[in-house]
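Visitor: Sharing a structure here in structure tokens format.
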Amino acid sequence: MERFDTIIVGAGVSGLAAARLLRGAGRRTVVLEARDRIGGRVHTDRTDGWVTDLGASWIHGIADSPVAAAATAFGMPMREFTVGGYQPDSRPIAYCGPDGARLSAEDTRRHIADIHRVDADLVDIIARSGPRASYRDVTERALAAQGWDAERTQRVREYFEHRSEEQYGTRSEDLAAHGLDDDAIDGDEVVFPEGYDVLAQRLADALDIRLEEVVRQVNWNGDGVTVATDAGEWHARSAVVTVPIGVLAAGELTISPPLPEPVAGALSRLRMNAFEKVFLRFPVRFWDTNVYALRAQGPGAQWWHSWYDLTDLHGEPTLLTFAAGPAGFGIRDLSDSEVCAAAAEPLRRLYPDGYVDPTHARVTRWWEDRFARGSYAYMRVGSTTADHDDLATPVGGVLHLAGEATWTEDPATVTAALCSGHRAAERVLGRAVPIESLWA
Numbered sequence: 002m003e004r005f006d007t008i009i010v011g012a013g014v015s016g017l018a019a020a021r022l023l024r025g026a027g028r029r030t031v032v033l034e035a036r037d038r039i040g041g042r043v044h045t046d047r048t049d050g051w052v053t054d055l056g057a058s059w060i061h062g063i064a065d066s067p068v069a070a071a072a073t074a075f076g077m078p079m080r081e082f083t084v085g086g087y088q089p090d091s092r093p094i095a096y097c098g099p100d101g102a103r104l105s106a107e108d109t110r111r112h113i114a115d116i117h118r119v120d121a122d123l124v125d126i127i128a129r130s131g132p133r134a135s136y137r138d139v140t141e142r143a144l145a146a147q148g149w150d151a152e153r154t155q156r157v158r159e160y161f162e163h164r165s166e167e168q169y170g171t172r173s174e175d176l177a178a179h180g181l182d183d184d185a186i187d188g189d190e191v192v193f194p195e196g197y198d199v200l201a202q203r204l205a206d207a208l209d210i211r212l213e214e215v216v217r218q219v220n221w222n223g224d225g226v227t228v229a230t231d232a233g234e235w236h237a238r239s240a241v242v243t244v245p246i247g248v249l250a251a252g253e254l255t256i257s258p259p260l261p262e263p264v265a266g267a268l269s270r271l272r273m274n275a276f277e278k279v280f281l282r283f284p285v286r287f288w289d290t291n292v293y294a295l296r297a298q299g300p301g302a303q304w305w306h307s308w309y310d311l312t313d314l315h316g317e318p319t320l321l322t323f324a325a326g327p328a329g330f331g332i333r334d335l336s337d338s339e340v341c342a343a344a345a346e347p348l349r350r351l352y353p354d355g356y357v358d359p360t361h362a363r364v365t366r367w368w369e370d371r372f373a374r375g376s377y378a379y380m381r382v383g384s385t386t387a388d389h390d391d392l393a394t395p396v397g398g399v400l401h402l403a404g405e406a407t408w409t410e411d412p413a414t415v416t417a418a419l420c421s422g423h424r425a426a427e428r429v430l431g432r433a434v435p436i437e438s439l440w441a
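Just add 1 to the spot in the sequence shown (first one is 1) and you have our numbering.
Encoded structure:
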């Protein structure tokens, strides 16, 4: 049995951050990673010469962002692409009406103004909502207060439905009313032309990382923690478990004794989402130029309604769309070719004179990944924003949970993962450590 000061379960960004800080403080630390690679849900594919981020893509607002600071220090090139937060405007977006025709500039301005008006009203409505209220409940109240006709109301309703799906991978009726409280962008959003995984690689420098070590059980008591893998047992004075909540909920990794309150309750209320990426590469760029995204309205745009133009990032005509919420569940029995054909087909209606079929396509399958069980966590109806931080409550003074689901201020992001790893390291050490130590 190998003995360490701290065992880190999972070599995603949160685990690597915790391990890097603990190692810097002189603690003997090991990272056990089930996969044959590091990074977790930060995963860049470089097949056929393309750089494609299959997991995390954006920093959603670089103002005061520790991830942006780390990326800058690590020499990671960043490209501004402020449209990842499902904003209605901010950057140029081509809107197409239910008939497929491009909305006029005036109709676009009116639609965006309607969204902002409802968004403003939602602040107070959400603040007054009950614990069982869903995001659909509060948006319906805000819409009803406007006094608009049915068509105008439906167009704005669709926007909020799609925002729930694209931001948290679930239907608005399943998302807690407070589930989008963190939906704010401070500063530009950026993406990484050379891949997000460089962040994980740099955080992993000089760490003791054991790949393909599948953790089956974590036993904790007052003396420390014992971690059992397929290869044997590891013992340490403390452990930081950073696996996604979908893995914890699936029961393939057991914690004994069972997690106490408030950790167990928080875990029971949060859920992993259904959210997959679909990359479509075309021989020519037939859609509007000088726009960040294309958005379709109406009954024909329930699953596939938004496409993001990655042409400048990828160096060839490329659109990204998401199978999110209902679409994320709906594609599970479809082949990749069927998913790509379905995601591209609406473009034929929007651009009948120029449309051509994609030449290459890629579909992610995070739900099928046994070490993820989904893309990221969301607050289902009945949960509260406190559940994120409660999930990270130290257990017995020796066990800590970390990861994007355990950070209240900006959950479901790499920022949340990084910050939660920093917090876990501070709790293990029992003292404050500057987060800048990660990249200094």
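By construction, the Cβ of each residue, glycine as well, lies at the ideal position given by its N, Cα and C atoms.
Predicted model, so just to flag it, every value in this text is computed and none were measured.
Please state whether the Cβ-Cβ distance between T319 and R282 is less than 8 Å.
Guide: Closer than 8 Å, so yes.
Visitor: Using a Cβ-Cβ cut-off of 7 Å (strictly less than) and excluding sequence neighbours within five positions of P67, which residues of its own chain qualify?
Guide: Contacts found: T416, L419, C420, I436.
Visitor: Does the distance from the C-beta atom of Y309 to that of A294 stay below 8 Å?
Guide: Cβ distance < 8 Å, so Y309 and A294 count as in contact.
Visitor: Taking only runs of the beta strand (DSSP E) that begin and end inside the region 332-415, which ones reach a length of at least 3 residues, in chain order?
Guide: Within the region 332-415, the complete beta strand (DSSP E) runs of at least 3 residues are 361-364, 378-380, 400-402.
Visitor: How would you label P412, buried or exposed, when you count the other beta carbons within 10 angstroms and need 16 or more for buried?
Guide: P412 is buried by the Cβ-count criterion.
Visitor: Where does E34 sit, in a helix, a strand or coil, going by DSSP?
Guide: Residue state, collapsed to three classes: coil.
Visitor: Could you name the residues that DSSP lists as bridge partners for V80?
Guide: Inspection of the sequence shows that residue 80 is occupied by Arg rather than by Val. R80 is bridged to V192.
Visitor: If we ignore side chains and look at the alpha-carbon of each, how far apart do V279 and T409 end up?
Guide: Spanning the two alpha carbons is a distance of roughly 28 Å.
Visitor: Can you give the Cα-Cα distance for V226 and G398, rounded to whole angstroms?
Guide: Computed Cα separation, rounded: 10 Å.
Visitor: Return the CA-CA distance between V242 and Y169, expressed in angstroms with no decimal places.
Guide: Using only the alpha carbons, I get a separation of about 23 Å.
Visitor: In angstroms, rounded to a whole number, what distance separates the CA positions of I210 and R137?
Guide: Approximately 44 Å between the Cα atoms of the pair.
Visitor: Where DSSP assigns a beta bridge to C97, which residues make up the other side?
Guide: Its beta-bridge partners are R103, A297.
Visitor: Return the Cβ separation of V219 and V31 in integer angstroms, given the expectation that the two are a contact with Cβ distance under 8 Å.
Guide: Actually they do not touch by this definition, with Cβ atoms about 14 Å apart.
Visitor: Report yes if the C-beta distance between T312 and R286 is below 8 Å; otherwise report no.
Guide: Contact: yes.
Visitor: From which residue to which residue does the beta strand (DSSP E) around G225 run?
Guide: Start and end: 225-230.
Visitor: According to DSSP, is Y309 helix, strand or coil?
Guide: Looking at Y309 - three-state DSSP - the assignment turns out to be strand.
Visitor: Go through the region 199-224 residue by residue and report every complete run of the beta strand (DSSP E) that reaches 3 residues or more, in order.
Guide: Entirely contained in the region 199-224, the beta strand (DSSP E) runs reaching 3 residues are, in chain order, 216-222.
Visitor: Kindly list the residues whose CB is nearer than 6 Å to the CB of E166, restricted to its own chain and excluding five residues on each side of it in sequence; keep chain order.
Guide: Around E166: A325, G326.
Visitor: Figure out for me which residue from V357, R366, W59 has the closest Cα to the Cα of I186.
Guide: Residue W59 is the option with its Cα nearest to I186.
Visitor: Within the chosen definition, does the region 201-209 reach the region 27-45 through at least 3 CB pairs nearer than 8 Å?
Guide: Yes, since at least three Cβ pairs between the region 201-209 and the region 27-45 fall closer than 8 Å, the two stretches touch.
Visitor: Hey, is the region 377-390 in contact with the region 261-280, meaning 3+ C-beta pairs nearer than 8 Å?
Guide: Output reads yes: the region 261-280 touches the region 377-390.
Visitor: Take the Cβ of T171 as the centre, count every other Cβ of all protein chains shown within 10 Å, and call the residue buried at 16 or more, exposed below.
Guide: When all chains shown are included, T171 counts as buried.
Visitor: Does the beta-carbon distance from A35 to V215 come in below 8 Å?
Guide: Yes.
Visitor: Would you kindly work out how many angstroms separate the C-alpha atoms of S376 and Y87, rounded to a whole number?
Guide: C-alpha separation (whole angstroms): 17 Å.
Visitor: So the candidates are A69, P261, T140; which of them puts its Cα closest to the Cα of R164?
Guide: With distances taken between Cα atoms, R164 lies closest to T140.
Visitor: Could you have a look at D49 and say whether DSSP puts it in helix, strand or coil?
Guide: Three-state result, D49: helix.
Visitor: By alpha-carbon positions, which one of Y197, L104, V434 ends up nearest to L55?
Guide: Answer by Cα proximity: Y197.
Visitor: Starting from the C-beta of V396, find all residues in its chain whose C-beta is less than 7 Å away, skip the five residues before and the five after it, and write them out in chain order.
Guide: Answer for V396: W221, L260, P261, V264, listed in chain order.
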